[in-house]
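Quick note: the sequence shown uses our numbering, first residue 5, plus one each step.
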Amino acid sequence: MATIPSLPSRDDVLRMARSTTDITGQLLDTAGNITRIAINTFDPRDGSGQEVLRVLRQTTAELAEASASPQAQEAFYRIVDTLTRLGTSGAPLAVHPVSQPAQALLTALGDSLLPVLDAVEPAVEEFATALGDLVEAMSPLLPATAGLAAGILLALTPLIRSAAEVLRDSSPELRRIADALTAALAPLMPLQVALAERAAGAGAGVVRASLQPLADLTEAAAATAKAAGPVLVAGEELLVAGLEHLQPLLLAGASRAGRVARTAAVRVSAAVSPAAEPGVVVSVAAV
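Here it is, written out as structure tokens:
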């Protein structure tokens with residue numbers, strides 16, 4: 005089984021960054037060399053440039069002569085005819101009655117989503133900024149997370165290979181299972197469609213009947229929340245003030261518990277340590 009790769013150290017990261025910079029410089033130098041070669045090749049002051057232009061003119065003339073042949077003209081005609089038929093057969097789809105619901109759906113979605121997008125744009129920008137700050141703050145954990153993910157993948161690889169081998173060897177049985185499921189479910193599909201239509205009709209009726217009471221309930225809840233707003237704000241202020249008063253007590257209790265734990269740990273270590281001299285008692289007084 006493969007071992008989990010070790011996480012890169014700071015020196016390794018710096019070494020990879022320097023290697024990347026060197027490779028980028030080499031690529032830029034190569035691009036410059038290629039540019040200079042192209043300029044020197046097509047330079048009219050040298051004989052090579054004229055030779056290249058002569059070859060290009062000859063090649064262009066041969067291509068023009070080849071395209072003027074009856075075979076090439078027939079091939080071009082067939083290509084244009086095929087494209088024309090595709091356009092002619094595909095154009096009615098845009099005005100076909102089947103496409104009208106899709107066009108209406110797209111129009112409704114566009115008209116409905118634009119105000120929503122305008123409303124949530126500040127919140128989305130704020131969330132993106134906060135998410136960026138969170139990712140930047142968690143950057144020290146990213147190498148550990150990558151190592152853990154690599155270890156999990158390496159641990160799962162043998163299981164996936166074993167499962168693939170088992171399924172490959174059991175192909176006839178899987179085909180029998182698929183055929184049995186298909187034969188069992190095929191007669192039930194029309195019944196499921198009929199039940200889905202009845203459920204959709206009943207659900208639409210329930211929703212239509214419950215919208216009015218739900219609207220009344222929402223308005224009443226909104227009025228109640230608006231009336232109880234000062235009470236909720238006062239309760240929140242009392243809760244925050246209580247937490248602020250409890251914070252010093254909690255910190256003092258945690259500090260005292262930590263000192264007691266350290267004292268007990270020192271006493272236990274001194275009692276069980278084989279290197280401790282007999283008759284020596286180690287004690288730590290709480291500060």
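All C-beta atoms in this analysis are idealised placements derived from N, C-alpha and C, irrespective of residue type, glycine included.
- Secondary structure of P194 (DSSP, three-state): helix.
- The beta carbon of D26 is closer than 8 Å to none in its chain, skipping five residues each way along the sequence.
- Between Q251 and A258, the alpha-carbon positions lie close to 10 Å from each other.
- If you look at S166, you'll find it in the alpha helix (DSSP H) that goes L146 to D173.
- In the displayed model, M142 falls within coil according to three-state DSSP, outside both helix and strand.
- Straight through space, the alpha carbons of E66 and A21 are spaced by roughly 51 Å.
- Spanning the alpha carbons of A188 and R165 requires a straight line of approximately 31 Å.
- Here A208 carries a helix assignment [DSSP, helix/strand/coil].
- For A261, the enclosing alpha helix (DSSP H) covers residues G233 to V276.
- Cα atoms of A256 and L138: separation of roughly 31 Å, rounded to the nearest angstrom.
- Take L253, set aside five residues on each side of it, and no residue of its chain has a beta-carbon closer than 8 Å to its own.
- CA-CA distance, R179 to L185, rounds to 10 Å.
- Rounded to the nearest angstrom, the gap between the Cα atoms of V120 and G233 is 27 Å.
- Here A72 carries a coil assignment [DSSP, helix/strand/coil].
- Linking R89 to F80 through their CA atoms gives a straight-line distance of about 14 Å.
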